[in-house]
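What follows is a set of notes on a single structure, which appears directly below.
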Amino acid sequence: MAKFSKKDKGGVPAISTASLPDIIFMLLFFFMVTTSMREVEYKIKIKLPEATESKKVENKSLVSYIYVGPPNEIWAKKYGTKPVIQLNDKISGLNDIQQYIEEERNQRPEEDVPKMTFSLKIDENTDMGIVTDIKQEMRKAQALKINYSARKQQRKK
Amino acid sequence: MARKVPEINAGSMADIAFLLLIFFLVTTTMDVDTGILRRLPPPPKDGEKAAEVKERNIFIVLINKDNQIAIKGELADMSEIKDKLKEFFTNPTNNANLSELKTVQQVLDEEMSKGEKMDKEKIEKCKKIISVFGPSINISQGLVSLQNDRTTTYGKYLEVQNEIVAAINELRDELSKQTWGVVFDKLDEDKQELIKFIYPFSISEAEPRRIGSQSTK
Numbered sequence: 001m002a003k004f005s006k007k008d009k010g011g012v013p014a015i016s017t018a019s020l021p022d023i024i025f026m027l028l029f030f031f032m033v034t035t036s037m038r039e040v041e042y043k044i045k046i047k048l049p050e051a052t053e054s055k056k057v058e059n060k061s062l063v064s065y066i067y068v069g070p071p072n073e074i075w076a077k078k079y080g081t082k083p084v085i086q087l088n089d090k091i092s093g094l095n096d097i098q099q100y101i102e103e104e105r106n107q108r109p110e111e112d113v114p115k116m117t118f119s120l121k122i123d124e125n126t127d128m129g130i131v132t133d134i135k136q137e138m139r140k141a142q143a144l145k146i147n148y149s150a151r152k153q154q155r156k157k
Numbered sequence: 001m002a003r004k005v006p007e008i009n010a011g012s013m014a015d016i017a018f019l020l021l022i023f024f025l026v027t028t029t030m031d032v033d034t035g036i037l038r039r040l041p042p043p044p045k046d047g048e049k050a051a052e053v054k055e056r057n058i059f060i061v062l063i064n065k066d067n068q069i070a071i072k073g074e075l076a077d078m079s080e081i082k083d084k085l086k087e088f089f090t091n092p093t094n095n096a097n098l099s100e101l102k103t104v105q106q107v108l109d110e111e112m113s114k115g116e117k118m119d120k121e122k123i124e125k126c127k128k129i130i131s132v133f134g135p136s137i138n139i140s141q142g143l144v145s146l147q148n149d150r151t152t153t154y155g156k157y158l159e160v161q162n163e164i165v166a167a168i169n170e171l172r173d174e175l176s177k178q179t180w181g182v183v184f185d186k187l188d189e190d191k192q193e194l195i196k197f198i199y200p201f202s203i204s205e206a207e208p209r210r211i212g213s214q215s216t217k
């Protein structure tokens, strides 16, 4: 034992940290590439339904979202526990939908407007009544391309 | 001339990178939006009547307020929808209760006989289909009508939608594999268009109406 401890003169040699920035940069680039900014702050709880046939929605910049679900704990006092509609950061009513669609369209270049998709993120326990009402409003506003947002699930064999 | 440039201390580079990294970590959401893409029918115009469809060509799926499913008036299970629907579309036994069988030749002749009102695009497609699949392939005439109560839960509704989409996707895949040996998604756009014409996504999400009274006995 004593033989070995004689050789090193105490202390651990310093680990070179020169490559640390490289590692961090690599991580940084990974997150920069995969990142997408959080769209809105949820005021409602949404548990999306599952579907085996759900496909990836292409062209995220041309997608606008309509959220439906029961208000979360913070907002339940104000809005109750029945499912409500959230557009952008606001909890809205049915009559706001047409205006919202118009606003979303105005934000996109004109030639992209027909390609726009409205993704419905709806809690799975919502009644169809409110969903049907929303769909009717969207038809009135000529927003016909919709996406029923659902989590991908593998089909059971 | 050549003066020695003092080396820049890169020790704090890691700190800067860390800061950026943490920023992206916090703001990032990794989820991609997935879902079932559908097209809503345009709003009904005044005085315009809905196109008439023969009764045998309509496959009615009804979901009541208790989330029970009925196919053509009969109580059914979720797992049955897909197979029944596939049978309904292809109608291999030429059953009079299932959807009508119409070959592409018949569709073409019908369109031609319309005279001035004929749809050139449709004729073009029919001709292409004849050249690829032969004149005796059937064009699906079926239409799925999905009806629901106002208190049906959305989850159940989407599950049924999913089954319908699955049925059509499977039919498309089968035809595509038979003809080209690859699945529908791998085909080029022109070929996809042809198959889409043979098996269209004909789902009618019914105009809302109250069907609660039917389901409460």
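From first to last, the protein sequence lines are chains A and B. Note that our numbering has the first sequence beginning at 1, numbered continuously upward. Note that our numbering has the second sequence beginning at 1, numbered continuously upward. Cβ atoms here follow ideal geometry from the backbone N, Cα and C, with glycine treated the same way. All figures in this text were calculated on a predicted structure; none of them were measured in a lab.
Residue ranges of each alpha helix (DSSP H) run of no fewer than 4 residues wholly in the stretch 170–201 of chain B, ordered along the chain?
189–198
Measure the beta-carbon distance from Pro70 of chain A to Pro83 of chain A and round it to whole angstroms, keeping in mind my assumption that it falls under 8 Å.
5 Å
Count the other C-beta atoms from every protein chain shown that fall within 10 angstroms of the C-beta of Pro64 of chain A, then say buried if there are 16 or more, exposed otherwise.
According to the sequence provided, residue 64 of chain A is Ser. The question's Pro does not apply to it. Per the 10 Å Cβ criterion, buried.
Whole alpha helix (DSSP H) runs in the stretch 53–108 of chain A with 4 or more residues, listed along the chain?
73–79, 97–106
Identify whether Lys152 of chain A lies in helix, strand or coil by the three-state DSSP scheme.
strand
From this set, A:Arg108, A:Lys140, A:Tyr100, which residue's C-alpha is nearest Lys59 of chain A's C-alpha?
It is worth fixing the name first, because residue 59 of chain A is Asn in this sequence and not Lys. Taking only the C-alpha atoms, the option nearest Asn59 of chain A is A:Arg108.
So, is the C-beta of Arg38 of chain B closer than 7 Å to a C-beta in chain A?
yes
Residue from B:Gln68, B:Met13, B:Ala17 whose Cα sits closest to the Cα of Gln147 of chain B:
B:Gln68
When DSSP labels each residue in this structure, what does Val40 of chain A get in the three-state scheme?
coil
Cα-Cα, which of B:Phe184, B:Val26, B:Ala167 is closest to Glu87 of chain B?
B:Ala167
Whole-angstrom distance between Leu143 of chain B and Gln105 of chain B, CA atom to CA atom
20 Å
Interface residues of the stretch 31–55 of chain A facing chain B [CB-CB below 9 Å]
Phe31, Met32, Thr34, Thr35, Ser36, Met37, Arg38, Glu39, Lys47, Leu48, Pro49, Glu50, Ala51, Thr52, Glu53, Ser54, Lys55
Under 9 Å from the C-beta of Asp33 of chain B: neighbouring residues of chain A:
Lys56, Val57, Lys60, Val63, Tyr65, Ser119, Lys121, Asn147, Ser149
Residues of the stretch 150–161 of chain B whose Cβ lies closer than 9 Å to any Cβ of chain A, in chain order
Arg150, Thr151, Thr152, Thr153, Tyr154, Gly155, Lys156, Tyr157, Leu158, Glu159, Gln161
Write down the C-beta distance between Ile46 of chain A and Tyr67 of chain A rounded to the nearest angstrom, noting that I regard them as a contact closer than 8 Å.
6 Å
If you compare alpha carbons, which of A:Tyr148, A:Asp123, A:Val131, A:Leu94 is closest to Ile44 of chain A?
A:Asp123
Taking 7 Å as the threshold (C-beta atoms), are Gly35 of chain B and Tyr42 of chain A in contact?
no
Beta carbon of Ile101 of chain A, beta carbon of Ala141 of chain A: below 7 Å?
yes
Alpha carbons only, please: which of A:Ile15, A:Glu137, A:Lys77, A:Asn106 is nearest the one belonging to Leu120 of chain A?
A:Glu137
Would you mind listing the alpha helix (DSSP H) stretches within the stretch 107–165 of chain B that are 4+ residues and don't spill past its ends, in chain order?
120–133
Any Cβ of chain B within less than 7 Å of the Cβ of Lys152 of chain A?
yes
Counting contacts by CB-CB distance shorter than 7 Å, is Thr28 of chain B in contact with chain A?
yes
Residues that Val107 of chain B contacts on chain A, provided the C-beta gap is smaller than 9 Å:
The premise fails here: Val107 of chain B is roughly 26 Å from chain A at the closest Cβ pair, so nothing lies under 9 Å.
Sequence-distant residues of the same chain with beta carbon closer than 7 Å to Glu159 of chain B, five excluded per side
Met78
Looking at the unbroken alpha helix (DSSP H) that takes in Thr35 of chain A, where does it start and where does it end?
Careful: Thr35 of chain A lies outside any alpha helix (DSSP H) and carries neither H nor E.
Looking only at its own chain, which residues have a Cβ that is under 7 Å from the Cβ of Tyr157 of chain B, when we skip the five neighbours before and after it?
Ile63, Asn148
In whole angstroms, give me the CA-to-CA distance for Met116 of chain A and Glu104 of chain A.
9 Å
In chain A, what lies closer than 7 Å to Asn148 of chain B by C-beta?
Met128
Residue-level contact to chain A via CB, Pro200 of chain B, 7 Å cutoff:
no
Looking at the C-beta of Asn125 of chain A, does it have a partner C-beta in chain B at a distance below 7 Å?
yes
Is the CB of Phe59 of chain B under 7 Å away from at least one CB in chain A?
no
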